[in-house]
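Enquirer: Sharing a structure, written as structure tokens. Questions coming.
Protein chains in written order, with full-length UniProt numbering: chain A, 1 to 414; chain B, 1 to 414; chain C, 1 to 414; chain D, 1 to 414.
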């Protein structure tokens, strides 16, 4: 039984195995030595379950896939305003190593291009940090995201630094515009060490799942990021994560994603899952050729497009209205977000209540959000104002209990 | 009770009423004559319920808000391949009236800039269509989207054609690159008539809700578009709908949207709702100044960010496992999409089944999708192979019934 | 004897005759019908002598070669300030039909791209002129430049207007930015008629020679343009005349030039000659393939590079200093421009004059300019102040006579 | 008498002295300490005469004014083909420190932007040279151009290297595209040392005059560069020397020029003079504010526009045709370039020669070039073929003597 999803994933890999498109990158020694046949996929659910097929234990350097996580770390520790001062969030329409800055403000366009990523790296742990301390903060954060101790690949660092002219060029440019203050060499060393942290796709799937899960690491249950930080990171990936092909990617695949030159791609469906693939051959857009194909299949098979209505939730939230003596029992179910609450309110407003107590039975609720709770509370208040006694059946759930108790006031007219 | 949401929306409008940013556009006569104080918002749920506040009955010309609907019509009738031949789907990083084409292929970058919208208009009803016939097809389609007969504002057409140099310039350019074949004047007239269809924000909210609802008009229940066409339109709006500020919009608001020069903004949250606002003063980015503020508040208050996990669905899909004599009864609930099915499978695979019948109780299911059904069916098949009798309790639902009957096979290994 | 230069030119043509590079343009019907083997070259000296080889009597439409002449006409009649308000003078780095305007000011970059040329056309004879009157003013001016009545090729006009989308696109864009006020169709018709004036390379060589001659038509002797207008036109051609390859052209050929799609190239060496070639096959840069080769050979053989020192003039301007009794006779020769005058002054200042009359013998002078005359006059004044009698021998020349008589004062310290 | 030109120049300086536009650059320490009131101008003629006014003895670092001389040195020692492999010659339309490369070929656009200048520096003395050896070669060449030993300002080098991020960024970019091979730091150090050579405007005027004089240093008479190298350098300066304003500069001033951030501007009129100005305040285009004004006045007063016909030479080359017995004596004068020879040939071909000897009297000739000599020789040959005896009167000149003796054959038809 527990082979069912891995079997599906294995089939998925078989479907792309013969695709030989793309090339190993030649400008980073350690990547040129990768096995071009490596092929793997891992999914991580919001409950922290991992499903894998293929090469899910191979370690490789994280490279550009580190960008959204470093960006999230900067947002979490410094806040959006401070981060926005030094890096934008618009697609640049340019290659990953583009040298342009935004016309106004001299900021790199977004944190997914190298100029932006070097800038983000520089503000982590404060601009006065040593390279060692900064990279340790990043390594430690990535380790908590992955749920195991990750390490920097020192051989990779050495190899990349030997051919780091493009990044050194960017770092000097950033210095010349006062975007960064560190010595250019240190800035590039710090960023290169971030890129050289070794991961597997199992690590990446969990890390991605943490972003998809609103910041709670799904295996350890630790909250590592605020919900808003995750929104921001995912939104920037949606428009800038897949380089030149971002528009086509969002239309065809519909999963915010980030690719890296070591052949990994991560994808995140908010509230659903994190995914990671490995296949080292890189296509002309700079993305893993087979990784792109795997995500296309995942999106199509699993109905996982961000624009899909298949994951709709909250309608039909009133399960039943029944009578028990003078009590009218309203049984609600599923999700009480705006959509769920709107559905409940509509039914209540159309219903011809008899006199007597109204009982709200929330024992079938799965989840609620703030807006939904506010709306239900306000509806209860209005029923009470009309003269009804109100009671709630909430047998087993702290969470649902909050529906009536959290003291929040929806900002409605008197 | 049914005033609760309108009250909230009215509060929302009050919060932005004093904002006097922006200007009425001067280059289209009928827009210069609009009342700058008009202010309204309408929401339409997936069940076709409308909630409004403010000026929801004012008629205005649809202008650029027509673009995603015309694009969807072209996709629906001609297919993605044919449409992609003449228009791309990447953000252009340029203003709405930019004259550039993609470097390769001589296509306009996307259907949200005027060059792309003129091109999309030209292929509707066939490139050989008369202007009259083509506009009638569009008007008729928009009317079905809105659920009432819409009309072209002939005075607006006349006024815009008198100052249509920018669009005429684009049309001649498109002709010179063989992107369109019609006479430039006819192409611009046809597009201008599309832009001059009169709507209210109630119309727009329903039209937007149709895209958010996977193509089924939520009031009439008529299927007007395929699900894939809606994905494509929403994805293109996500990256190109709000002009230069698309990245910031997706990060801060997180709702695919489209604005128009007449002061309307529409927004769509897939599976949740369509929204429309009206406020005629236009900011420097070309968007309704107060409309942007309303959407920011909606997103924040209602937890409606596309990247939010609040609308998560499908986890905790196994409600209970109980025993009744030799029967083991597995009661599932909520949504059975991949996430829901994964959750069910995990519980089943970890459960130590005794001999005897396994009963799947789906009476608490709200919804399922194809992937979820395939996974559950395969799980049942495996339990049967292990020697269990299988039964399903599905008391009241045609839909849920399909769980066992739709004959689809998930492509798993033997 | 008078065959000597034609013989040289005929050899030049033989050297490129087998070059089959390039293609006839297909988008203008009359050009597609040209004889691809036409080959000719004509030179016109500052004395109005024509030297030709090859097809110097073939009539063709002037096309873009009209641009510098129309620009000169606008400058002459409206002045540089008025013309600069609507068109710039910087290379655009773009193709002839580029749609961009300058970032500031919404002017076309320069008058050699179509957008600039349409704009220049529009201001000739006033922006309120009819097309007929404007084109007649242009035709009449071109005729005086060529020294014969030129005519518009009506068949060419009709053919070009049928495929004029690119220019119509530009005209509408220019209207939308208020650069031009005419109806777009009229603006393009007016420009197309300008481009359809029929010329031979003999006409073009004389027209080019007029620009090279500071505005005096060298055959008729009529002054058609001010010297400053010619400087301006030549300077703009130097940086913008040969499209993308302007830098290489100026380095390798060193002759301000303008090419047209009908296969003509004109070149001008100030004070030396005008040249025109015809060969209809057009290379990838939009220039006549064999025309470019002919100019390269002309420049190399004839030492005609604008940066060449071979045409240096004015040094060694003192031919001799002799004594005749108490008179000291200073005999000057050649050109008295700054260089010539500087040379004279230096000799005079180093010469140990005896008392008595100083006689300046200018009978060997060929030419002088204002600066040179001012310097010589001032030098004579200083010699007089030192106590010398001054006399001038100027036997036969009105022009040289001006050396002492033109009443101009050089602005020197007392 | 010898104060006449300095007086004029002093007046010129007085005319701009009150202009306080522009700012001292702040990013290079030594420049920020310059005296903003320094003001000077020096002219150097083709005979090596210097005329100065103002601060002509102030030493400052040469900065970007070094670019055309280093480019000329590279062309002279390596040839145009080798240099063109690594740097182009088209205007970039961008600022001096632009980071772009040409779209094709990954070459910097031209040697006047920093990327191009760093690249040119790198190939001097071979790409394997040490920094010390390379800079010594450059310093030694510049010294011969100036006619005195120039020195590197070590304090300036140190100050510039401390803030050299922009150039380091360029150097790393050039390395990353394999345009240069040196370590980035060495490349920038080498270029910075070139820029830190100390000069006065007297030095610069002589250096400029050498380029204007076809490569012969006018004071020492030493040939330092080939004529073609000078054409190339001057042509590139004409299109790229004055940054963004190149088109306007060539139209208004008409003198190939180069400016530097230390406040110097040099200008060259081929065959006429070299000029240099100093005024340290820099305008928004990156050029010396008062320097630009001085050149505008020089061009206007002195008729020194490259497109001017005032320096025309060679027409009216036949002074007289007289008879002495059976001899027909043709007396020529001035310059015998193409124009001069054409004029002679025309007169000869129209003249009705009687039988008997034809005597060519060249004793009034000032100069001839190869094309002119070829044409005259061929004309003489044709007269001989018609039966005339030919004789030449050439009393005093080795140079003119070559008219008959240099054995060159003009490529004419048999």
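For glycine and all other residues, C-beta sits at the position ideal for the given N, C-alpha and C. All of these numbers come straight from a predicted model, not from anything done at the bench.
Answer with yes or no whether the minimum CB distance from residue 429 of chain C to chain B is below 7 Å.
Expert: A question about residue 429 of chain C goes unanswered here, because the residues of chain C that appear run from 1 up to 414.
Enquirer: Where in the region 128 to 173 of chain C do unbroken runs of the alpha helix (DSSP H), each at least 4 residues long, occur, reported from the N-terminal end onward?
Expert: 131 to 146, 154 to 162
Enquirer: Verify the CB distance criterion: does residue 81 of chain C have a CB-CB separation below 7 Å to chain B?
Expert: no
Enquirer: Mapping DSSP to helix, strand and coil, what is residue 14 of chain D?
Expert: helix
Enquirer: Quick one: give me the first and last residue of the beta strand (DSSP E) that residue 385 of chain B is part of.
Expert: Run containing residue 385 of chain B: none in the beta strand (DSSP E); it sits in the alpha helix (DSSP H), 370 to 385.
Enquirer: Give every residue of the same chain whose Cβ lies closer than 6 Å to the Cβ of residue 248 of chain A, excluding the five residues on either side of it in the sequence, and list them in chain order.
Expert: none
Enquirer: Considering only C-alpha positions, which residue in the set B/117, B/307, B/87 is nearest to residue 213 of chain A?
Expert: The residue with the shortest Cα to Cα distance from residue 213 of chain A is B/307.
Enquirer: Quick one: residues in its chain with C-beta nearer than 7 Å to the C-beta of residue 11 of chain D, no 5 flanking neighbours on either side, listed in chain order?
Expert: Same-chain partners within the cutoff: there are none.
Enquirer: At the 7 Å Cβ level, is residue 406 of chain B part of the contact set with chain A, yes or no?
Expert: With a pLDDT of 44 at residue 406 of chain B, under the threshold of 50, the modelled position of this residue cannot be trusted; read the value that follows with caution. No, residue 406 of chain B does not count as interfacial toward chain A.
Enquirer: Quick check on the burial criterion: 16 or more other C-beta atoms within 10 angstroms. Buried or exposed for residue 3 of chain B?
Expert: exposed
Enquirer: Compare the C-beta of residue 64 of chain D against all C-beta atoms of chain A and say whether one is closer than 7 Å.
Expert: no
Enquirer: Taking DSSP as the reference, what is the three-state secondary structure of residue 52 of chain A?
Expert: DSSP places residue 52 of chain A within a strand segment (E or B) once states are collapsed to three.
Enquirer: Assuming the contact rule is C-beta atoms closer than 8 Å, residue 187 of chain C and residue 272 of chain C should be a hit. Round their C-beta distance to whole Å, please.
Expert: Not really, about 36 Å apart at Cβ, beyond 8 Å.
Enquirer: I'd like to know whether the C-beta of residue 115 of chain C is nearer than 7 Å to at least one C-beta of chain D.
Expert: No, residue 115 of chain C lies away from the interface with chain D (no Cβ there is under 7 Å from its Cβ).
Enquirer: For residue 304 of chain B, report the span of its alpha helix (DSSP H) as first-last.
Expert: Element bounds for residue 304 of chain B: n/a, residue is neither H nor E.
Enquirer: Got a sec: is the Cβ-Cβ distance from residue 9 of chain D to anything in chain C below 7 Å?
Expert: With respect to chain C, the C-beta atom of residue 9 of chain D has no partner C-beta closer than 7 Å.
Enquirer: Quick one: list the residues of chain A neighbouring residue 184 of chain D, beta-carbon separation under 9 Å, in chain order.
Expert: 165, 168, 169, 172
Enquirer: Within this structure, are the beta carbons of residue 219 of chain C and residue 147 of chain C separated by less than 7 Å?
Expert: yes
Enquirer: Check residue 388 of chain D in the structure and name its three-state DSSP category.
Expert: DSSP, read as helix, strand or coil, puts residue 388 of chain D in coil.
Enquirer: Would you mind reading off the limits of the beta strand (DSSP E) that contains residue 321 of chain B?
Expert: 318 to 324
Enquirer: What residues from chain B crowd round residue 107 of chain C, counting only those whose CB sits closer than 9 Å?
Expert: Result: empty, since nearest Cβ-Cβ is about 16 Å, beyond 9 Å.
Enquirer: Around the C-beta of residue 236 of chain C, are 16 or more other C-beta atoms found within 10 angstroms, so that it is buried, or is it exposed?
Expert: Result: buried.
Enquirer: So residue 174 of chain C and residue 124 of chain C are in contact, right, with Cβ under 8 Å, and what is the actual spacing, rounded?
Expert: Actually they are not in contact, since the Cβ atoms of residue 174 of chain C and residue 124 of chain C sit about 15 Å apart, beyond 8 Å.
Enquirer: Within its chain, find whatever has a CB closer than 6 Å to the CB of residue 290 of chain D; leave out the 5 residues flanking it on each side and keep chain order.
Expert: 16, 19, 279
Enquirer: Of the residues A/158, A/254, A/61, A/183, which one's Cα is nearest the Cα of residue 131 of chain A?
Expert: Per the Cα distances, A/183.
Enquirer: Since residue 258 of chain D sits in a beta bridge, which residues does DSSP pair it with?
Expert: D/266
Enquirer: Please report the Cβ distance between residue 39 of chain B and residue 54 of chain B, rounded to the nearest whole angstrom; I am assuming they are in contact, meaning their Cβ atoms lie under 8 Å.
Expert: Yes, residue 39 of chain B and residue 54 of chain B are in contact; Cβ-Cβ is about 5 Å, under 8 Å.
Enquirer: What residues from chain D crowd round residue 175 of chain A, counting only those whose CB sits closer than 7 Å?
Expert: Near residue 175 of chain A (Cβ distances below 7 Å), the residues of chain D are 165.
Enquirer: Around the C-beta of residue 8 of chain D, are 16 or more other C-beta atoms found within 10 angstroms, so that it is buried, or is it exposed?
Expert: Around the beta carbon of residue 8 of chain D, a 10 Å sphere encloses 16 or more other beta carbons of the protein chains shown; the residue is thus reported as buried.
Enquirer: In three-state DSSP terms, what is residue 366 of chain A?
Expert: strand
Enquirer: Taking three-plus beta-carbon pairs below 8 Å as touching, is the region 148 to 156 of chain C in contact with the region 132 to 152 of chain B?
Expert: The answer is no - the region 132 to 152 of chain B does not touch the region 148 to 156 of chain C, with fewer than three Cβ pairs under 8 Å.
Enquirer: Can you check whether the C-beta of residue 369 of chain C is within less than 7 Å of a C-beta belonging to chain D?
Expert: yes
Enquirer: Go ahead and label residue 37 of chain A buried or exposed: buried means 16 or more other beta carbons lie within 10 angstroms of its beta carbon, across all protein chains shown.
Expert: exposed
Enquirer: Got a sec? Which residues, its chain only, sit under 6 Å from residue 14 of chain C by beta carbon, not counting five neighbours each side?
Expert: none
Enquirer: Under the three-state reduction of DSSP, which class applies to residue 208 of chain B: helix, strand or coil?
Expert: helix
Enquirer: Who are the neighbours of residue 301 of chain B on chain A, taking C-beta pairs under 7 Å?
Expert: 371
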